[in-house]
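Participant: Quick one: structure below, then a few questions.
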Amino acid sequence: MTLVEKVCVLGAGSTKYGKLAESIADITTQASVSAIESAGIDPKDIKASYISNVFGVADKQVHLGPVLMSRLGIPDKPSLTIESACGSGSVSFREAYANVAAGFYDCLVVTGVEKVTHTGTEWTTTYFAYCSDFFYEGQAGASFPGLFASMARAYLTEFDATEEDFARVAVKNHENGILNPKAHIQKKITIDDVMNSPVVASPLKLYDCCPFSDGASSVILCSEKFAKENGGNYIEVIGSGRGGSPAALQGREHLTTIPSTKIASEAAYKMAGITTKDIDFAEVHDCFTIAEIIDTEDLGFFEKGKGVQAVREGRTRLNADISINPSGGLKSKGHPIGATGVGQVVEVFDQLTGNAGERTVKDAKIGLTHNFGATGASCAVHIFQSV
Amino acid sequence: MSVEEQLIEYAKQGKLLTHKCTDCGYLHLSTAYYCLKCGSKGFEDVLLEGTGVIATYTIITVAPAGFEKYTPYAFVVLQLDDTHLRISGFMAGIASPADLPVGTRAKITGFDDRGIIIEKQ
Numbered sequence: 001m002t003l004v005e006k007v008c009v010l011g012a013g014s015t016k017y018g019k020l021a022e023s024i025a026d027i028t029t030q031a032s033v034s035a036i037e038s039a040g041i042d043p044k045d046i047k048a049s050y051i052s053n054v055f056g057v058a059d060k061q062v063h064l065g066p067v068l069m070s071r072l073g074i075p076d077k078p079s080l081t082i083e084s085a086c087g088s089g090s091v092s093f094r095e096a097y098a099n100v101a102a103g104f105y106d107c108l109v110v111t112g113v114e115k116v117t118h119t120g121t122e123w124t125t126t127y128f129a130y131c132s133d134f135f136y137e138g139q140a141g142a143s144f145p146g147l148f149a150s151m152a153r154a155y156l157t158e159f160d161a162t163e164e165d166f167a168r169v170a171v172k173n174h175e176n177g178i179l180n181p182k183a184h185i186q187k188k189i190t191i192d193d194v195m196n197s198p199v200v201a202s203p204l205k206l207y208d209c210c211p212f213s214d215g216a217s218s219v220i221l222c223s224e225k226f227a228k229e230n231g232g233n234y235i236e237v238i239g240s241g242r243g244g245s246p247a248a249l250q251g252r253e254h255l256t257t258i259p260s261t262k263i264a265s266e267a268a269y270k271m272a273g274i275t276t277k278d279i280d281f282a283e284v285h286d287c288f289t290i291a292e293i294i295d296t297e298d299l300g301f302f303e304k305g306k307g308v309q310a311v312r313e314g315r316t317r318l319n320a321d322i323s324i325n326p327s328g329g330l331k332s333k334g335h336p337i338g339a340t341g342v343g344q345v346v347e348v349f350d351q352l353t354g355n356a357g358e359r360t361v362k363d364a365k366i367g368l369t370h371n372f373g374a375t376g377a378s379c380a381v382h383i384f385q386s387v
Numbered sequence: 388m389s390v391e392e393q394l395i396e397y398a399k400q401g402k403l404l405t406h407k408c409t410d411c412g413y414l415h416l417s418t419a420y421y422c423l424k425c426g427s428k429g430f431e432d433v434l435l436e437g438t439g440v441i442a443t444y445t446i447i448t449v450a451p452a453g454f455e456k457y458t459p460y461a462f463v464v465l466q467l468d469d470t471h472l473r474i475s476g477f478m479a480g481i482a483s484p485a486d487l488p489v490g491t492r493a494k495i496t497g498f499d500d501r502g503i504i505i506e507k508q
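Residue numbers (the numbering used here), protein chains in the order written: chain A, 1 to 387; chain B, 388 to 508.
Listed below in structure tokens is the structure:
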């Protein structure tokens, strides 16, 4: 495969994640404007938009692209809305990336958004379950916490791990999230807090689960030529990989491995010409504590079954062996599902351009994003390098 | 009948309809249209007893709409006997992990508005 253009991230911005009062159209626009201002470009430089969103219907607005473009004063420009469950943001980013790399557009806005907290826990639990293989899973009463809890039970059965080990992931990500002013839950927690929180789907408890969040994130993606001519800070996309897994857990060879993560990351490492040792930090899909442990194994940072030991030894904390989720991750930063994959790129941009404040990963040059849909049925991994 | 409707009809009789590839012999759940191994579209029906052991499960206390009245209940993944296949389903009346150790024997017993019903054997 020959890419016509090198692709760069020229600007990035997010709303705060949490319970937001504004409409989905408002927060989509706010995040996009902050990315445009961060890039130092004019909206008229933007040739198209890629929007990621799952439940726009909950706030009475689907077909968000034209609404955003109209508000940006460029209603004549094309837009596309992409749904890939909780992985929508990274999948949308990948499609935008491919279009810049192929030379179709030299400058795009990629914006992810979700607005669901006003619907309440029952609505979100019910509708999120529609992202599963519904005939086999959602229809039989599986919630998303329930599906990851099934993976957690399998992990506890197969490996030397305890529920307290899962809790350590939550404690670590909350430590990082306290340092992130845009995080949904900025609160220090202890292992006991996690263990004593109400059971949602055994063995997962409330503090093992990320929150339902509102929020929007946006990045400006452009060709290297455009970035150089524009001036200002930018980072380069050096690897992009996608993969898939059987939609239902029952169809997977191993219940403690997400195949799409392995496929996507191996493709991204190959394209970037690097190994896991070259990566300074990673934003990974920790929708539940067990997910982060499985992710770090499937991404190749640790052997299968050893991710839990790495957490126990503090090797994934900020500025330890490899900083995992310096932003606080989905667990603490929050999980507006359509925005999450784009929000991870915002964090990498902030880290590699010196705008991550107290949660800065020291001397970081290369960062990775990993985001998947549902229980990892769809996945995208991207690798970025400072310039 | 669609493939889902067929699977449901047999599940109501406590059986599991599967598809065996006529080219390579690989066994699939009956919702498969092409062989995972060889890509062939030819299948023959094979009816399984729907028995096996619990491969993994969760006990759900915060339920999706329609399931509140059943809490706590288990969502289970059943490893079927004498095959690599697994199937997931709903299991009533499970309140604590002590009620359902991994490896417990179980069987498909029906299908209703809770999807495929699995019970301990």
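Heads up, the beta-carbon is just placed ideally off N, CA and C, and yes, glycines get one too.
With a cut-off of 8 Å, do at least 3 Cβ pairs link the stretch 455-466 of chain B to the stretch 408-424 of chain B?
Facilitator: no
Participant: Please classify Thr121 of chain A: is it buried, with 16 or more other beta-carbons within 10 angstroms of its beta-carbon, or exposed?
Facilitator: exposed
Participant: Give every residue of the same chain whose Cβ lies closer than 7 Å to the Cβ of Thr125 of chain A, excluding the five residues on either side of it in the sequence, and list them in chain order.
Facilitator: Ser143
Participant: Whole angstroms are fine: how far does the CA of Val113 of chain A sit from the CA of Ser202 of chain A?
Facilitator: 30 Å
Participant: Counting only runs of 4+ residues fully inside the stretch 395-475 of chain B, write out the alpha helix (DSSP H) ranges in chain order.
Facilitator: none
Participant: Write down the C-beta distance between Ala320 of chain A and Leu299 of chain A rounded to the nearest angstrom, noting that I regard them as a contact closer than 8 Å.
Facilitator: Not quite, the Cβ-Cβ distance comes to about 16 Å (not below 8 Å), so this is no contact.
Participant: Taking a Cβ distance cut-off of 9 Å, strictly less, list which residues of the stretch 389-402 of chain B are near chain A, in chain order.
Facilitator: Glu391 and Leu394
Participant: Can you give me the start and stop residues for the alpha helix (DSSP H) that Ser197 of chain A sits inside?
Facilitator: Run containing Ser197 of chain A: none; DSSP gives neither H nor E here.
Participant: To the nearest angstrom, report how far apart Ser245 of chain A and Ser265 of chain A are at their CA atoms.
Facilitator: 13 Å
Participant: Do the stretch 123-140 of chain A and the stretch 252-261 of chain A make contact, defined as three or more Cβ pairs closer than 8 Å?
Facilitator: At 8 Å Cβ cutoff, the stretches do not touch.
Participant: To the nearest angstrom, how far is the alpha carbon of Ile404 of chain A from that of His285 of chain A?
Facilitator: Nothing can be reported for residue 404 of chain A: it is not among the residues displayed for chain A, which extend from 1 to 387.
Participant: Which chain B residues sit within Cβ distance under 8 Å of Gly146 of chain A?
Facilitator: Thr445, Ile447 and Phe462
Participant: Using only CA atoms, which one of A:Asp208, A:Ile258, A:Val116 and A:Gly273 lies nearest to Asp214 of chain A?
Facilitator: A:Val116
Participant: Please go through the same chain and pick out, in chain order, the residues whose beta-carbon is closer than 7 Å to the beta-carbon of Ala154 of chain A, but skip the five residues on each side of it.
Facilitator: Leu255 and Thr256
Participant: Going along chain A, which residues have a C-beta under 8 Å from Ser417 of chain B?
Facilitator: Within chain A, no C-beta atom comes nearer than 8 Å to that of Ser417 of chain B; the closest sits roughly 11 Å away.
Participant: In the DSSP output, which residue or residues are listed as bridge partners for Leu179 of chain A?
Facilitator: None; Leu179 of chain A has no bridge partner.
Participant: Consider the Cβ of Glu122 of chain A: report whether some Cβ of chain B lies at a distance smaller than 8 Å.
Facilitator: yes
Participant: For Ala248 of chain A, collect the residues of the same chain with a Cβ closer than 6 Å to its Cβ; drop the 5 residues on either side in sequence, then sort them by chain order.
Facilitator: Asp133, Tyr136 and Glu137
Participant: Which bits of chain B does Val199 of chain A rub up against, with CB to CB less than 8 Å?
Facilitator: Within chain B, the residues near Val199 of chain A are Ile446 and Thr448.
Participant: Using the C-alpha atoms, what's the distance from Asp499 of chain B back to Glu347 of chain A?
Facilitator: C-alpha separation (whole angstroms): 46 Å.
Participant: Taking the continuous alpha helix (DSSP H) assigned at Ile383 of chain A, which residues delimit it?
Facilitator: It is not in any alpha helix (DSSP H) - Ile383 of chain A instead sits in the beta strand (DSSP E) that spans Ser378 to Ser386.
Participant: Counting only Cβ-Cβ distances shorter than 7 Å, please list the residues of the stretch 473-505 of chain B near chain A, keeping chain order.
Facilitator: Arg473, Ile474, Ser475, Gly476, Phe477, Pro484, Val489, Arg501, Gly502 and Ile503
Participant: Within the same chain, show all residues whose beta-carbon is closer than 6 Å to that of Arg315 of chain A, passing over the 5 residues directly before and after it, in chain order.
Facilitator: Residues of the same chain with a CB within less than 6 Å of the CB of Arg315 of chain A, apart from the 5 flanking positions on each side, are Asp321 in chain order.
Participant: With Ala101 of chain A and Glu5 of chain A assumed to form a contact (beta carbons below 8 Å), what rounded beta-carbon distance in angstroms separates them?
Facilitator: 6 Å
Participant: For Phe144 of chain A, which of helix, strand or coil comes out of DSSP?
Facilitator: helix
Participant: Taking Ala85 of chain A as part of the alpha helix (DSSP H), name the residues at either end of that continuous run.
Facilitator: Unbroken run through Ala85 of chain A: none, as it is neither H nor E.
Participant: Helix, strand or coil: which one does DSSP assign to Thr2 of chain A?
Facilitator: coil
Participant: Between the stretch 245-266 of chain A and chain B, which residues of the former have CB atoms less than 8 Å from a CB of the latter, in chain order?
Facilitator: Taking 8 Å as the cut-off between beta carbons, the residues of the stretch 245-266 of chain A near chain B are Ala248, Leu249, Gln250, Gly251 and Leu255, in sequence order.
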